[in-house]
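*Asks:*
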Amino acid sequence: MSTTVRWRGLARPELVTELSAEHGVLVRQLAQLQQRVGEQLQASARHASRLEAENLRLRAALIRMKTSVAWNLRGAAMQSPPPPKRRAVDPVAAPGLEAAHAVICQTGCAGHAHPWLEADGQCRRTGRSCELTSGVEAAADTPDA
881 MSTTVRWRGL ARPELVTELS AEHGVLVRQL AQLQQRVGEQ LQASARHASR LEAENLRLRA
941 ALIRMKTSVA WNLRGAAMQS PPPPKRRAVD PVAAPGLEAA HAVICQTGCA GHAHPWLEAD
1001 GQCRRTGRSC ELTSGVEAAA DTPDA
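For the sequence shown, the positions run 881 to 1025 when the working numbering is used.
1. How long is the line joining the alpha carbons of ARG937 and GLN912, rounded to whole angstroms?
2. GLU934 to GLU902, Cα distance in whole Å?
3. Within 10 angstroms of its Cβ, does LEU997 collect 16 or more other Cβ (buried), or is it exposed?
4. In this structure, how does DSSP classify CYS1010 when only helix, strand and coil are distinguished?
5. When you compare only the Cα positions, how much space is there between CYS1003 and ALA940?
6. Can you list, in chain order, the residues of its chain whose CB lies under 8 Å from that of SER1009, leaving out five sequence neighbours each side?
7. Within the continuous alpha helix (DSSP H) that includes LEU936, where are the two ends?
8. Rounded to the nearest angstrom, what separates ILE984 and GLN920 at their Cα positions?
9. Note down, in chain order, each residue of its chain lying with its Cβ closer than 6 Å to the Cβ of GLU894, except the 5 sequence neighbours on either side.
10. So what's LEU875 in DSSP terms, helix, strand or just coil?
11. Give me, in chain order, the residues of the same chain whose beta-carbon lies closer than 6 Å to that of HIS981; leave out the 5 immediate sequence neighbours on both sides.
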């Protein structure tokens, strides 16, 4: 009895060489396919991001138009807002900025468990010390009547 096991058809070296070459071709094709699918996924993600941004702009325009119709502001519904401009604003020159800052802090931070508040009491958004924390904590410590 022989201890060598031979698979039928694989005992010929030319067949092994041919299968090895075919395997190499298939692996290269798989690599190219993976590369192409990866590029398509990235392009799809960029396209989805652009569509989401456009959807947000269109929803804002719809809300603006519905609000102007509800408030009977006929001319304002048809006017599109000017494109946003990025500019530096001096807090001293803009008196309404402090009031806006207070509203943003009250609703965005104090109203949502202080996501911008650092452990040392500094605001991550502005870099200043939080002015609302003491008032909110004092109100939270008072029992409801």
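Even for Gly, the Cβ is constructed at its ideal location relative to N, Cα and C. These figures come from a predicted structure and were not determined experimentally.
*Replies:* Here's the rundown:
1. Distance between the alpha carbons of ARG937 and GLN912 is about 38 Å.
2. Near 48 Å, if we compare the C-alpha coordinates of GLU902 and GLU934.
3. The residue in question, LEU997, is buried, as its Cβ has 16 or more Cβ neighbours within 10 Å.
4. If DSSP states are grouped into helix, strand and coil, CYS1010 belongs with coil.
5. Their Cα atoms are separated by approximately 29 Å.
6. Only GLY1001, GLN1002, CYS1003 meet the Cβ criterion.
7. Note, LEU936: alpha helix (DSSP H), 893-950.
8. Cα to Cα, the separation comes out at about 40 Å.
9. Apart from sequence neighbours up to five positions away, no residue of its chain approaches GLU894 with a beta-carbon distance below 6 Å.
10. As displayed, the chain neither begins before 881 nor continues past 1025, which places residue 875 out of reach and without an answer.
11. By the criterion of a C-beta distance shorter than 6 Å, HIS981 is surrounded by no residue of its chain, once the five residues flanking it on both sides are discounted.
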